[in-house]
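Comments concern the structure below.
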Amino acid sequence: MSNLARNFEQQQRVEQKSQDRSQVKIKKSWLTPGEKIIGVAFAGLMCFGAVHLISNQAKIYEVNKDIQNVQTKVDEQQKVNRDLQDQVSELSSYERIFEKAKKMGLLINENDVKVVQEK
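Numbering that gives the first Met the number 0 applies: residue 0 is where the sequence shown begins, and numbers increase by one.
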């Protein structure tokens, strides 16, 4: 081969290489790998925080529900206690006790009644 043919061949190789280089486009990402890692970590922390917040709210709801149930039971028991207190006051009236005593045959003798004075 002559020098001219070699030069032409080398020139074509150089042109092909320069065309190959110009055709290869480097894709540049708009996020670096470090930024991607930070983004994924942030998203993970946000998900963890959201789940933690929701679970805490659920626990608070359950505790409030229990408090409401206990308060309802306390209110019912207070009502029962008031009713029983009313019955006690009705049953311990002087007139009723005197009537029951008469039915049982007990009589009041004014001579047997003694007054106790407090000191």
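The C-beta atom is built at its ideal place from N, Cα and C for all residues, glycine as well.
The alpha-carbon of K102 is positioned some 35 Å away from that of Q76. Rounded to whole angstroms, Q10 and K26 show a C-alpha spacing of 29 Å. In the DSSP annotation of this structure, the continuous segment of the alpha helix (DSSP H) that includes L83 starts and ends at 32-90.
A straight line joining the alpha-carbon of K78 with that of A49 spans about 43 Å. Sequence-distant partners of E89 (beyond 5 residues in either direction) whose C-beta falls short of 8 Å from its own C-beta, in its chain, are R95.
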